[in-house]
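Protein chains in written order, with the working numbering: chain A, 1 to 226; chain B, 227 to 452. Don't be surprised by glycine CBs; every beta carbon is placed ideally from N, CA and C. On a predicted model such as this, the values are computed, not experimentally measured, just so you know. Each remark here refers to the structure printed beneath this line.
2 protein chains.
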Amino acid sequence: MIQNSTRPRGRPRSFDELEALEKATQVFWSKGYDGVTIDDLVAGMGVGRPSLYAIFGDKRTLFLRVLRAYAEAKGARAANALLSPNTLRDSLASFLKHAVESATQEGSATGCLLVCVAPLVDDEEVRQFLQNATAGAAALVQHRFRDGISAGEIPSDFPVAARASLVIDLTRGLTMRAQMGTPRKTLLRDAEEAADLVVLLPREVSRGPSGSARKASTGRGRVPRP
Amino acid sequence: MIQNSTRPRGRPRSFDELEALEKATQVFWSKGYDGVTIDDLVAGMGVGRPSLYAIFGDKRTLFLRVLRAYAEAKGARAANALLSPNTLRDSLASFLKHAVESATQEGSATGCLLVCVAPLVDDEEVRQFLQNATAGAAALVQHRFRDGISAGEIPSDFPVAARASLVIDLTRGLTMRAQMGTPRKTLLRDAEEAADLVVLLPREVSRGPSGSARKASTGRGRVPRP
DNA sequence: CCAATTTCGAACCGGTCGGTACTATAAGAG
DNA sequence: CTCTTATAGTACCGACCGGTTCGAAATTGG
Numbered sequence: 001m002i003q004n005s006t007r008p009r010g011r012p013r014s015f016d017e018l019e020a021l022e023k024a025t026q027v028f029w030s031k032g033y034d035g036v037t038i039d040d041l042v043a044g045m046g047v048g049r050p051s052l053y054a055i056f057g058d059k060r061t062l063f064l065r066v067l068r069a070y071a072e073a074k075g076a077r078a079a080n081a082l083l084s085p086n087t088l089r090d091s092l093a094s095f096l097k098h099a100v101e102s103a104t105q106e107g108s109a110t111g112c113l114l115v116c117v118a119p120l121v122d123d124e125e126v127r128q129f130l131q132n133a134t135a136g137a138a139a140l141v142q143h144r145f146r147d148g149i150s151a152g153e154i155p156s157d158f159p160v161a162a163r164a165s166l167v168i169d170l171t172r173g174l175t176m177r178a179q180m181g182t183p184r185k186t187l188l189r190d191a192e193e194a195a196d197l198v199v200l201l202p203r204e205v206s207r208g209p210s211g212s213a214r215k216a217s218t219g220r221g222r223v224p225r226p
Numbered sequence: 227m228i229q230n231s232t233r234p235r236g237r238p239r240s241f242d243e244l245e246a247l248e249k250a251t252q253v254f255w256s257k258g259y260d261g262v263t264i265d266d267l268v269a270g271m272g273v274g275r276p277s278l279y280a281i282f283g284d285k286r287t288l289f290l291r292v293l294r295a296y297a298e299a300k301g302a303r304a305a306n307a308l309l310s311p312n313t314l315r316d317s318l319a320s321f322l323k324h325a326v327e328s329a330t331q332e333g334s335a336t337g338c339l340l341v342c343v344a345p346l347v348d349d350e351e352v353r354q355f356l357q358n359a360t361a362g363a364a365a366l367v368q369h370r371f372r373d374g375i376s377a378g379e380i381p382s383d384f385p386v387a388a389r390a391s392l393v394i395d396l397t398r399g400l401t402m403r404a405q406m407g408t409p410r411k412t413l414l415r416d417a418e419e420a421a422d423l424v425v426l427l428p429r430e431v432s433r434g435p436s437g438s439a440r441k442a443s444t445g446r447g448r449v450p451r452p
């Protein structure tokens, strides 16, 4: 039963709307926003030009819809990657690795629509959307950090907000490197390394294993209260 | 003596070549590559259309020249920021803060031509240039880490390459957030936090101040030898 | 003052772009 | 079978874009 309700009246569409939307995502993802022409979309989506305008509106409207759908899907997957593992460190590794894998997926454009394409779109609504998306991602990571505090994995004075921003920054950096062609293997290794780092706590003073550090007193470098 | 040699013969130019190049940088920086039209450049550079072609070549050639000049200047400033301070931690803070300040400079476009604009240009030469620039930046940071090892600030088994990549990723992330409108103050704070983090060493086991961590054994998360 | 040289500014050209009108086609409704 | 509805496909339109041509202007050399 592919459709239980009555079929609409006129000539049936020759394409699936969501499938076309996904194809549009790939087009924008691989060519950017300004770089994409309507003909690119027509060719990539398998939708006739007038149908495209009738159903999806103009290029900007279509892009916004693509952006929202993409962000929702990717956000869900990212949240899943972050919240599935048991330990905090593995959660972060999973989160970062998910970003890398998604950005280096074969059969799809490299990088990320939200990181590599959308920020360059000169449009207030897009900017606002990105701000919100970023804030949401950071909030997600913060939440995971707080769970880690509850579980005793990190102390209660752990700099949650700052480290969460840092994780998001790292995700962006890894994603951009993916788009520049850095191999997945390298990025996955760096993601693991980053996960190790992000859960580290500041040292009380400086007790490096290689004896006395010469001028290791930085005059700073501690979180508020030890 | 603005010119010691004989003045060239014909009608003198009505603009300064380097000044025009700088203005072109701003145009590309603020509008991207695909988003820029020749008329944008003509208006922004104060150079007549035919003169633009005669002197700078077409849009792609001009962009490559802009890119090279920008990277050279910015690379020099970044290296200076990185190599001036005495301690490793302050070097990294200086490096990251320089990136933030440059990306949030008033009177100039936000973000960074190398981070926010160039990666989206669909051109093999641009890609190659970016790869080299990134490698150069990472090498610079690695060099600073090795100096830190020599000075005894960090142990000799410090994961130099991975941490250097991490610093570059962080720089990119901060820069992109700058372009998205995150205030400078926030970014500077995060840059400091990041500098603190990047020089940290892994703990031997896990001796957080908040008693026993429940499931803190990750089965991983250590650098080769403690 | 005149010729040579170089740049400037406007106008121009073929091509492409975003967006639309028009017609043919495929379905259900009666 | 005919009418209505909705989409497909083509062809078209004005606007704009990248790039060039050409005459006017500004300067040096004689």
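Asked	Found
Of the listed residues R372/B, I394/B and D373/B, nearest to A364/B (C-alpha basis)	I394/B
Below-7 angstroms beta-carbon distance, L267/B vs any chain A residue	no
Rounded Cβ spacing between K260/B and D34/A (contact assumed at less than 8 angstroms)	Looking at the sequence shown, residue 260/B is not Lys but Asp. With 8 angstroms as the limit, D260/B and D34/A qualify as a contact, their Cβ atoms being about 4 angstroms apart.
Check whether Q252/B and T336/B have beta carbons under 7 angstroms apart	no
First and last residue of the uninterrupted alpha helix (DSSP H) at E70/A	At residue 70/A the sequence reads Tyr, which differs from the Glu that was named. Here the alpha helix (DSSP H) through Y70/A covers K59 to L83.
Short CB-CB distance (under 7 angstroms) between D123/A and chain B	no
Closest Cα partner of D177/B within the set D123/A, K59/A, R144/A and L200/A	Residue 177/B falls outside the range modelled here, since chain B spans only 227 to 452, and no answer is possible.
Contacts of T360/B in chain A (Cβ-Cβ under 8 angstroms)	R177 and M180
Own chain residues within Cβ distance below 8 angstroms of V268/B, not counting five before or after	G274, R275 and L278
Any chain B beta carbon closer than 7 angstroms to L64/A	no
Proximity to F282/B [Cα-Cα], best of E350/B, R398/B and E245/B	E245/B
A417/B and L322/B closer than 7 angstroms at C-beta	yes
The segment 396–403 of chain B in contact with the segment 322–334 of chain B per 3-pair CB rule at 8 angstroms	yes
Chain A contact residues for K239/B, given Cβ-Cβ distances below 8 angstroms	Looking at the sequence itself, residue 239/B is Arg, so the reference to Lys does not match. Simply none; closest approach about 31 angstroms.
Rounded Cβ spacing between L356/B and L340/B (contact assumed at less than 8 angstroms)	7 angstroms
Below-7 angstroms beta-carbon distance, P85/A vs any chain B residue	no
Interface flag, P276/B vs chain A, CB-CB below 7 angstroms	no
Any chain B beta carbon closer than 7 angstroms to D165/A	In the sequence under discussion, the amino acid at residue 165/A is Ser, which differs from the Asp named in the question. Output row for S165/A: interface = yes.
Residue range of the unbroken alpha helix (DSSP H) whose run includes N358/B	E350 to S376
Beta carbon of G270/B nearer than 7 angstroms to that of K249/B	yes
Cβ separation of V117/A and G32/A, assumed to be a contact under 8 angstroms, to the nearest whole Å	5 angstroms
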